[in-house]
Amino acid sequence: MVSFAFRRPHLVAEGAEEIKGKDIWLDNDDLRPLKLKDRTWTATTYFVFWFSATATVSNWYGASAAQALGLSMWESLACSFGGQCLIAMIITLNGRAGAVYHVGFPILNRSAFGVYGAWWPTFNRAVMAIVWNGVNAVQGGQCVYVMLHAIFPSIAHIKDTMGKGSALTSAGMIGFTVFWLVTCFFLVIPVPKMKSLVYAKLIMFVISALSMLGWTVGKAGGLGPIASQGSTVHGNEKSWLIVRFLMLGAANCATFASNASDFQRYAPRPKDPILGNLVGFPIANLLVAIVGNIVGASSQVIFGELIWNPIDFLDKLQTSNYTPANRAGCFFIALMFVYCAIFSSIFENSLPAGNDLAALFPKYITIRKGFFICAVVSFAINPWYLLGSASIFVSFLASYQIFLSSITGVLLCNYYLITRGYMNIPDLFTSDKNAAYHYTKGWNIRAYIAYIIGVVPNFYGFLNNMGVDAPMGVTKFYYFAYWVGLFVAGATYWVLCKLFPPVIMYNEGWMEVKNYVRPEEEAQVLEGQGMDVEASSLGQGEKEVAREIVTDLKG
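Below is the structure:
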């Protein structure tokens, strides 16, 4: 296989051409710490990023689940907001290594699980990102269908040949295909240059959200009947519902917490993502949920039934009164939803999958190639059937928090308590037996033991969530599954490292660097320009980072 690649150099990933031996499975330019010119996401970008990332159809009505089970709309929103404040701290902490060393989740895995041991959690997350990409594309395709329905009324009468197991009709498949092709078009844009598209997505969502909010609330006769509805449960039942959805508000964002390094690596300075994570993330989720809940609740007044999915709501609005004005309104609101869905798909699924696939096969796959592999495979798995016919599959996706929390617990413990912020970057890209992250033949057995032990307490609840009968105590314990997995895995890893110390382990002091820069770029700034940053040929963003490096070295 190796000789095949050398005979066809166009298949070899950039930065991997000169790598020989076993290291071809560990290194390429995309995996290494980002160059200065690619660190383009400022503090403002990260703040706006979360408003863009959370502006999705699923988040639109996600907080309403508690309301459907008996909590009031405001109690439901409070639970969601509280959980997201908690998970925002984990996102910030676990993304710190990416912001400082400018490497992604797969490379951070190597520091804890070993240069080869990282393949399992990386592959694990890659599969989930690809599956979710397909699931989100189904949702995006439904948005496109609403647009097509507004233009071509006859599309609703296309004979459905998809079968009972499909979440999409034959007409819906047209929308799915259009959405998938448009998303592939945007994947050619380099991630550092997507900053302006992040801002554009936020503008699109605000316009679409306010438009639909004003339209539906007007049809419902105002906010009064919607906002005044109280809870229908009380006492112990209500208390457990609050606990359940407070914890769920955090667990639903477990993916963001695990792969935080993937997007925080684009920050020029380690401090840049902090405010966006701690403040922007929970507030963005709250505002989206408020609008979504109000719009969803208005459907009860308009149609006499709750329609939490805004796509279904839009299509019913135009179908029930198929006037040119209604069709135009539905078309433009759905168009803005489509734009939002495209970039949610890219940042939440394509970017993580691209990073993971590049780490799994660095000799042949760059992050951009990984984007397109993710797109092709997510189409090939027929996600419309996964959603339409396998409720246990959807439960599995929702329960996947127990595996992600265990991985995150190991990563946090390793970075903050064992290595105290230090990462030996060259050793993360080599198969040398004497390297720090080679551990036992490239696998850190301590991390795997901790990972498994972190999963065990929650596994019965995981099975129960997928349909296996279990006592009520197991069900309630599972409400805390994310935090149990996080702390049990982390504590187990700490104990094992104390008993069997790894090569890199510090018992005191904080060993983190100020802001890691590739050696060749540091030489360019300090040696080639005589430490005169302003006179260098670096871009403005690069100069800002370089000034800090020079200041640190002079100090």
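All the letters of the sequence shown, read from the start, carry residue numbers 491 to 1045 under this note's numbering.
Note that beta-carbon positions come from the ideal geometry of N, C-alpha and C, so glycine has one too.
Computed from a predicted structure; not experimentally measured.
Sequence-distant Cβ neighbours of F977 in its own chain, meaning closer than 7 angstroms and more than five residues away, are G899.
Contact annotation: the segment 900-913 does not touch the segment 649-666, with fewer than three C-beta pairs closer than 8 angstroms. Per DSSP, the continuous alpha helix (DSSP H) segment holding C575 begins and ends at M563 to N584. Between the alpha carbons of Y950 and R615 lies a gap of roughly 22 angstroms.
A check of alpha carbon separations from T930 across F990, A545 and I892 identifies F990 as the nearest. DSSP assignment within the segment 967-1007 yields the following whole alpha helix (DSSP H) runs of 4 residues or more, N-terminal first: 971-989. Contact annotation: I871 and G624 have beta-carbon atoms nearer than 8 angstroms. Residue burial annotation: M962 is exposed, with fewer than 16 other C-beta atoms found within 10 angstroms of its C-beta.
Annotation for P611: N599, F603 and I897 place their beta carbon closer than 7 angstroms to its own, counting only its chain and skipping 5 residues before and after. Cβ contact annotation for A865 (same chain, cutoff 8 angstroms, sequence separation greater than five): N623, W670, T673, C674, L677 and S840, in chain order. Contiguous alpha helix (DSSP H) elements confined to the segment 684-737 occur at 685-710 and 714-717, taking only those with 4 or more residues. Counting along the chain, the unbroken alpha helix (DSSP H) around G899 starts and ends at Q891 to C903. Non-local C-beta neighbours of T667 in its own chain, meaning closer than 8 angstroms and more than five positions away in sequence, comprise G631, ordered along the chain. Secondary-structure assignment with DSSP links T659 through no beta bridge to anything.
Beta-bridge analysis with DSSP links W933 to T930. It is roughly 29 angstroms from the alpha-carbon of P947 to the alpha-carbon of N767.
Apart from sequence neighbours up to five positions away, the residues of its chain that approach E727 with a beta-carbon distance below 8 angstroms are G560, ordered along the chain. With respect to A818, T546 sits apart: the two C-beta atoms are not nearer than 8 angstroms. L918 is not a Cβ neighbour of Y756, given a cutoff of 8 angstroms. Contact between L894 and A774 is ruled out by a C-beta separation of about 21 angstroms, above the 8 angstroms threshold. Your pair D752 and F595 checks out as a contact, with CB atoms roughly 5 angstroms apart and the cut at 8 angstroms.
Buried is the label assigned to F771, since at least 16 other Cβ atoms lie within 10 Å of its Cβ. For the pair I648 and A640, the CB atoms are not nearer than the 8 angstroms cut-off.
When the beta-carbon positions are compared, V593 and W874 stay at least 8 angstroms from each other. When C-alpha distances from I801 are compared across N997, E1010, W609 and M637, the shortest belongs to M637.
Between S698 and F803, the C-beta spacing is not below 8 angstroms.
Q754 is not a Cβ neighbour of G999, given a cutoff of 8 angstroms. Per DSSP, L768 lies in no alpha helix (DSSP H) and is assigned neither H nor E.
In this structure, I939 sits near L986, with a CB-CB distance shorter than 8 angstroms.
Three or more beta-carbon pairs separated by less than 8 angstroms link the segment 678-697 to the segment 531-539, which places the two stretches in contact.
At the C-beta level, N783 and L567 come within 8 angstroms of one another.
Distance from the CA of A843 to the CA of R734, rounded to the nearest whole angstrom, comes to 30 angstroms.
Per the C-alpha coordinates, the member of A979, K691 and F571 positioned closest to F833 is K691. The distance from the Cβ of Y536 to that of Y1006 is about 19 angstroms, inconsistent with a contact at the 8 angstroms cut-off. Cβ contact annotation for S542 (same chain, cutoff 6 angstroms, sequence separation greater than five): V688, K691 and L692, in chain order. Per DSSP, reduced to three states, the secondary structure at S921 is coil, with no helix or strand assignment.
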